[in-house]
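Heads up, the final residue of the sequence shown is numbered 226 in our numbering, and it's a clean run with no missing numbers. For every residue, glycine included, the Cβ atom is placed at its ideal position computed from N, Cα and C. One structure below.
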Amino acid sequence: MDYKLEKRIWTDADFDVMGWHDNKVYWTHLDKDLVLDIDYILQWIDYDTPANYSYVIAPATLVFKQPQGFRFGIDGNRYCLEILDITRKNTKKGTLWTITMVEGEFKFYSKGFVQYIRQDPFFEHGQSINFHERGGYCLDRTTNQDNPKRYSEDVLRRREKEAEQSRIAKQYEMLLNKKKALDLQREKGEIDFKPYLITSREYKRQLKEYQALLKGTWFEVDDNLI
């Protein structure tokens with residue numbers, strides 16, 4: 001993965017260039033500060049594959065300083081929370097923060113936040129990191145969290161397998177585009193029927209092979225596309 005992490009500590013001074021949409025929340029703790037353990041999505045990558053997007057994600061600790069007037073409404077039956085947006089509004093009482101989630105929201109006043117990127121980013125095909133691979137729960141305010149599980153043999157094997165599936169998905173997408181171009185040629189009368197039929201059948205055969213290889217993966221594709 002070729003991604004350069006800009007910095008490991010972010011604050012409310014960076015608010016305008018940050019975003020928490022679709023960030024998963026694993027743990028929250030409210031005491032002197034409000035602390036959240038999240039998967040922070042640093043970048044959305046559009047690879048034009050059947051999976052649509054891949055993501056650069058890092059385990060992070062988000063700390064709001066000394067929240068006041070804390071109010072919340074959350075569906076307590078959910079195992080994890082998912083952030084839709086974080087907004088702020090200047091009022092006479094101070095800065096009002098709203099963390100809007102799929103399951104509800106937090107509202108409170110706070111002077112600001114600090115966000116610690118605890119580990120090097122992960123490259124993921126989904127919007128969160130495997131719980132065990134990220135090192136489980138953590139609320140540490142650190143930028144060098146130790147995580148031996150990340151480089152275990154089983155994790156590395158799984159990631160190698162996903163990389164191969166990603167390669168196949170890209171080949172599938174390129175071949176599908178070639179078939180669409182071939183169909184367009186036939187519609188315009190730019191290719192005779194027999195060579196069109198032979199080539200089209202071969203493309204379909206290869207596409208079905210790719211579909212079978214991608215079935216049940218992040219990159220599974222719709223059979224109706226061909």
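By alpha-carbon positions, which one of the options ends up nearest to residue i?
i: T11; options: M18, F113, N147 and K215; result: F113
i: F131; options: E153, R157 and Y79; result: Y79
i: D85; options: G19, H125, D146 and R134; result: G19
i: Q66; options: L5, P148, D146 and K111; result: K111
i: V25; options: E164, Q43, K149 and I74; result: I74
I need the straight-line Cα distance from residue i to residue j, nearest angstrom please.
i: L213; j: E160; result: 15 angstroms
i: K228; j: L62; result: In this structure the chain extends from 1 to 226, so residue 228 is not present and cannot be described.
i: T87; j: I129; result: 24 angstroms
i: T143; j: E153; result: 24 angstroms
i: Q115; j: G104; result: 22 angstroms
i: Y3; j: Q171; result: 23 angstroms
i: E209; j: D222; result: 13 angstroms
i: I57; j: N147; result: 15 angstroms
i: Q206; j: E173; result: 11 angstroms
i: E162; j: Y40; result: 21 angstroms
What residues match up with residue i in a beta bridge as DSSP calls it?
i: H29; result: V35
i: A54; result: Checking the displayed sequence, the identity of residue 54 turns out to be Ser instead of Ala. Answer is I45.
i: K107; result: R71 and T98
i: K62; result: Here residue 62 is Leu; the residue named in the question, Lys, does not match the sequence. Paired residues: L36 and Q115.
i: T87; result: T98
i: K194; result: Per DSSP, none; premise fails for K194.
Assign residue i to one of two classes, buried (16 or more other C-beta atoms within 10 Å of its C-beta) or exposed (fewer than that).
i: D37; result: buried
i: A181; result: exposed
i: K233; result: What is shown of the chain runs 1 to 226, which leaves residue 233 out entirely.
i: Y55; result: buried
i: N90; result: exposed
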